[in-house]
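Working notes, beginning with the structure itself.
2 protein chains.
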Amino acid sequence: MEQQAWDALADPTRRQIFELVAKHPSHVQPLADQLPVSRPAVSQHLKVLLQAGLVGAKREGTRQIYFADQRGLAGLRRWMNEFWDEALANYQQEFREDEND
Amino acid sequence: MEQQAWDALADPTRRQIFELVAKHPSHVQPLADQLPVSRPAVSQHLKVLLQAGLVGAKREGTRQIYFADQRGLAGLRRWMNEFWDEALANYQQEFREDEND
DNA sequence: ACTTACGGTAAGTAAATACTTACAGAGAGT
DNA sequence: ACTCTCTGTAAGTATTTACTTACCGTAAGT
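If you're matching them up, the sequences are chains A and B in order.
Numbering of the first sequence is given in UniProt numbering, commencing with residue 1 and proceeding in unit increments.
Numbering of the second sequence is given in UniProt numbering, commencing with residue 1 and proceeding in unit increments.
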């Protein structure tokens with residue numbers, strides 16, 4: 001479920017698209033203009049981001065406006081925060097004592 | 001830089017290893033016993049996690065104890081929090097108004 | 001109606017990668 | 001010294017995937 005979000009954001013190009021869209025909702029073509037890849041590549045990336053729930057789309061005639069959606073990130077955020085609090089805080093000190101690197 | 005952390009955590013097996021190690025520092029063999037993959041696979045995953053700064057290692061004779069390291073996660077956490085505050089909060093409402101899905 | 005712009009999908013390809021088995025090294029116990 | 005256990009790496013393979021070009025459908029302007 002949230003595996004899709006991980007896969008989606010692991011790719012640098014896709015993450016860049018996600019950042020662009022989050023800063024400013026946009027169509028496909030303008031996004032492709034700002035990126036070193038072709039327009040179909042952007043479309044494919046947006047499809048992945050859509051299925052991961054990271055972006056949403058809204059039709060405007062033949063175009064489509066893509067925008068960021070919080071819901072997709074929520075899972076990762078939760079995972080990360082639980083992690084941060086739960087496990088790391090405990091076990092780290094006891095090994096930091098005699099680790100010198 | 002933090003691309004390594006994304007790649008490392010995007011893989012489900014590797015993420016599982018990371019979670020196991022965070023909950024309880026461990027050697028390689030015990031980790032492999034809890035996972036559906038071979039021991040060398042675990043070693044390779046740990047190498048990736050090491051290079052991403054997500055785990056640390058400490059020699060104990062011929063064995064090696066692996067433990068989670070906060071530093072690797074810090075980058076992702078920062079990215080995600082900046083994101084959450086900066087962009088999403090703004091642009092979402094204006095599109096949520098007439099989006100019905 | 002015809003053209004033009006925009007965008008999604010199909011087909012194909014090159015590269016990345018997660019896994020396996022086989023091999024080699026290094027420390028602990030007898 | 002010899003063996004046994006634990007581990008990292010090499011070599012090879014099958015799958016995934018990010019990208020390209022080509023094609024097709026759809027809405028807007030004249």
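Every residue, glycine too, gets a C-beta built ideally from N, C-alpha and C.
request  = For Gly72/A, count neighbouring Cβ atoms within 10 angstroms of its own Cβ and tell me buried if that reaches 16, exposed if not.
outcome  = Position 72 of the first sequence, counting from 1, holds the residue named residue 72/A. Answer is buried; the Cβ neighbour count reaches 16.
6 Å CB neighbourhood of Glu2/A in its chain, flanking five on each side removed = On the first sequence, position 2 is the one that residue 2/A refers to. Excluding sequence neighbours, Glu2/A sits near Gly75.
task = Can you pull the chain B residues whose beta carbon is under 9 Å from the beta carbon of Gln64/A, in chain order?
result = Translated into positions along the first sequence, residue 64/A becomes position 64. Against chain B, the beta carbon of Gln64/A has no neighbour under 9 Å; the closest one sits roughly 12 Å away.
request  = Please list, in chain order, all residues of the same chain as Ile17/A whose beta carbon is under 8 Å from its beta carbon, the five residues on each side excluded.
outcome  = As a position in the first sequence, residue 17/A is number 17, starting the count at 1. Excluding sequence neighbours, Ile17/A sits near Leu31, Leu35, Val42, His45, Leu46, Leu49.
inquiry  = Just checking: is the beta-carbon of Ala52/B within a distance shorter than 9 Å of some beta-carbon in chain A?
reply    = Translated into positions along the second sequence, residue 52/B becomes position 52. No, Ala52/B lies away from the interface with chain A (no Cβ there is under 9 Å from its Cβ).
inquiry  = Given this structure, state the Cα-to-Cα distance separating Thr13/B from Gln4/A, to the nearest angstrom.
reply    = Taking the first residue of the second sequence as 1, we reach residue 13/B at position 13. Taking the first residue of the first sequence as 1, we reach residue 4/A at position 4. Their Cα atoms are separated by approximately 14 Å.
query = Going along chain B, which residues have a C-beta under 7 Å from Gln3/A?
reply = Start at 1 with the first residue of the first sequence, and residue 3/A comes out as number 3. Simply Pro12.
message = I'd like the list of long-range same chain contacts for Gln68/A, defined as Cβ closer than 6 Å, with 5 residues on each side in sequence excluded.
response = To locate residue 68/A, count along the first sequence from 1; it is residue 68. Inspection of the sequence shows that residue 68/A is occupied by Ala rather than by Gln. Cβ neighbours of Ala68/A beyond the five flanking positions: Val21, Ala22, Val55.
query = Taking C-beta to C-beta, are Lys58/A and Gln51/A nearer than 9 Å?
reply = Walking along the first sequence from the start, residue 58/A turns up at place 58. Walking along the first sequence from the start, residue 51/A turns up at place 51. Contact: no.
ask   = Since Tyr66/A and Pro25/A are thought to touch, with beta carbons under 8 Å apart, how far apart are those beta carbons, to the nearest angstrom?
value = The residue you call residue 66/A lines up with position 66 of the first sequence. The residue you call residue 25/A lines up with position 25 of the first sequence. Right, their Cβ atoms sit about 6 Å apart.
message = Using a Cβ-Cβ distance cut-off of 9 Å, determine whether Arg77/A contacts chain B.
response = For the purposes of this step, residue 77/A is taken as residue 77 along the first sequence, with counting starting at 1. So, interface residue.
task = Give the straight-line distance between the Cα atoms of Trp84/A and Glu19/B, rounded to the nearest whole angstrom.
result = Counting from 1 along the first sequence, the entry for residue 84/A is found at position 84. Counting from 1 along the second sequence, the entry for residue 19/B is found at position 19. Taking the straight line from one Cα to the other gives about 11 Å.
Where the alpha helix (DSSP H) containing Val48/A begins and where it ends = Your numbering for residue 48/A matches position 48 in the first sequence. For Val48/A, the uninterrupted alpha helix (DSSP H) segment begins and ends at 39-51.
ask   = Checking contacts by CB at 9 Å: is Gln70/A closer than that to chain B?
value = Numbered from 1 along the first sequence, position 70 holds the residue referred to as residue 70/A. So yes, Gln70/A belongs to the interface.
task = Could you name the residues of chain A that Asp7/B contacts, counting a contact when the two beta carbons are closer than 7 Å?
result = Taking the first residue of the second sequence as 1, we reach residue 7/B at position 7. Result: Ala10.
query = Just how far apart, CA to CA, sit Glu97/B and Asp33/B?
reply = As a first step, residue 97/B is located in the second sequence; it is residue number 97 there, counting from the start. As a first step, residue 33/B is located in the second sequence; it is residue number 33 there, counting from the start. Note that Glu97/B has pLDDT 48, beneath the 50 cutoff, so the model's placement of it is unreliable and no number is given.
request  = Give a yes or no on whether 9 Å exceeds the smallest Cβ distance from Glu99/B to chain A.
outcome  = For the purposes of this step, residue 99/B is taken as the residue at position 99 of the second sequence. With a pLDDT of 49 at Glu99/B, under the threshold of 50, the modelled position of that residue is not reliable, and the figure given next carries that caveat. Closer than 9 Å to some Cβ of chain A, the Cβ of Glu99/B qualifies, so yes.
ask   = Considering only C-alpha positions, which residue in the set Val28/B, Gln70/B, Thr62/B is nearest to Glu82/A?
value = The sequence position of residue 82/A within the first sequence is 82, counting from 1. Checking every option, the nearest Cα to that of Glu82/A belongs to Gln70/B.
message = Could you check whether the Cβ of residue 187/B sits closer than 9 Å to any Cβ belonging to chain A?
response = Absent from the structure is residue 187/B, since the part of chain B shown begins at 1 and ends at 101.
task = Pick helix, strand or coil for Gln34/B, following the three-state DSSP scheme.
result = The sequence position of residue 34/B within the second sequence is 34, counting from 1. Note: Gln34/B maps to coil in three-state DSSP.
message = For Glu99/A, count the other beta carbons within 10 Å of its own beta carbon; 16 or more makes it buried, fewer makes it exposed. Which is it?
response = In the first sequence, counting from the first residue as 1, residue 99/A sits at position 99. The predicted model places Glu99/A with a pLDDT of 49, which falls under 50 and marks its position as unreliable, so this point remains unresolved.
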